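Numbering (numbering that gives the first Met the number 0) for the sequence shown: 0 to 247.
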Amino acid sequence: MAKAEDRAEARDLFWRRLGAGAMDIVVLGALAMLAAAALYSASGGKLRSSAPFTRTACQPLTSLSAKVLDGVGALGAARPVSAKVCAVSMAGIETSRYVSVVLEAQDGEMTRSLAFSRPVDRAGVPVTPVILDWAWPLAFILAVGLCEGLFGWTPGKRLMGLKVVAADGGRLGLPRAVLRNLVIYGGGALVLIAPLAATLAGVRLPPTGYYLAVGVFGLLVLAPFAMLAEASPRARYDRWAGSEVVRA
0 MAKAEDRAEA
10 RDLFWRRLGA
20 GAMDIVVLGA
30 LAMLAAAALY
40 SASGGKLRSS
50 APFTRTACQP
60 LTSLSAKVLD
70 GVGALGAARP
80 VSAKVCAVSM
90 AGIETSRYVS
100 VVLEAQDGEM
110 TRSLAFSRPV
120 DRAGVPVTPV
130 ILDWAWPLAF
140 ILAVGLCEGL
150 FGWTPGKRLM
160 GLKVVAADGG
170 RLGLPRAVLR
180 NLVIYGGGAL
190 VLIAPLAATL
200 AGVRLPPTGY
210 YLAVGVFGLL
220 VLAPFAMLAE
230 ASPRARYDRW
240 AGSEVVRA
């Protein structure tokens, strides 16, 4: 009977921990999106992040700033035939803005065209934005580690009635809490960051390398779930970090 109760307790704790992790991702993800919108506004559009559930609204431009054409390898006698400014917003909050232009030039009987888009600020001046997408996964790990290390809980764990403590029952502390969450979420963070880093570095993988990378990243993402599923009684990453998840 005791073993059956232990198994039921382990299953309940497993699902509570999964639910707490999902809640943390939703809550801290929403806070990150609000922070991204605030940084975009405060920086005049120089700091930007990708956002889900966005809406793009475009309006035609009656006049086109010469700055928009600076540095564009335009055709010899090209003239703009179409120009519009588009604002991307999430829940009514602007997250980015760009100008889309189509140039045409007549070359004898042939018409040549060139289409391009450039990020601009709210005044329509071209900007070179800094993309912050790589920073949010790392900020998430740090935020969760900070909550667990200092308070013993995250928003999700608080709602699910759980608490993270050191193996001896005391406070876990920031270094071990960050280590714990690097193991849990580090693989997922790498999956999000690596494609952006590869794009910025101009790395192009052959098909075999691409499939190998997908397999490795998949294992990194699934590994924490496997560690949690085989917990006896603590997940392996908890044993590494000297931590334990208990009911609050």
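By construction, the Cβ of each residue, glycine as well, lies at the ideal position given by its N, Cα and C atoms. On a predicted model such as this, the values are computed, not experimentally measured, just so you know.
The beta carbon of residue 63 sits closer than 6 Å to the beta carbons of 79 and 82 from its chain, once the five residues preceding and following it are set aside; these are given in chain order. The bridge partners DSSP lists for residue 110 are 105.
Spanning the alpha carbons of residue 112 and residue 104 requires a straight line of approximately 6 Å. In this structure residue 155 does not touch residue 177 by the C-beta definition: roughly 17 Å separates them, more than the 8 Å allowed. According to DSSP, residue 162 shares a beta bridge with 245.
Checking the DSSP bridge columns, you'll see residue 63 has no partner listed. Taking a C-beta distance under 9 Å as the contact criterion, residue 245 and residue 161 qualify as a contact pair. Here DSSP, grouped into helix, strand and coil, assigns residue 94 to strand. Contact between the region 90-99 and the region 43-60 is present, with at least three C-beta pairs closer than 8 Å. The C-alpha of residue 133 is placed about 7 Å away from the C-alpha of residue 191.
The beta carbon of residue 54 is closer than 8 Å to those of 87, 88 and 89 in its chain, skipping five residues each way along the sequence. Counting every other CB atom within 10 Å of its CB across the protein chains shown gives residue 6 a total below 16, marking it as exposed. By the Cβ-count criterion, residue 109 is exposed, with fewer than 16 other Cβ atoms from all chains shown falling within 10 Å of its own Cβ. When the beta-carbon positions are compared, residue 175 and residue 240 come within less than 9 Å of each other. Put simply, of 56, 11, 100 and 200 the residue whose alpha carbon is nearest the alpha carbon of residue 92 is 56. In the displayed model, residue 40 falls within a helix according to three-state DSSP. Cβ contact annotation for residue 181 (same chain, cutoff 7 Å, sequence separation greater than five): 140, in chain order. Residue pairing for residue 130: DSSP places it in a beta bridge opposite 47. Per DSSP, the beta-bridge partners of residue 55 are 87.
For residue 125, no alpha helix (DSSP H) encloses it, and the DSSP letter there is neither H nor E. For residue 115, the three-state secondary structure derived from DSSP is strand.
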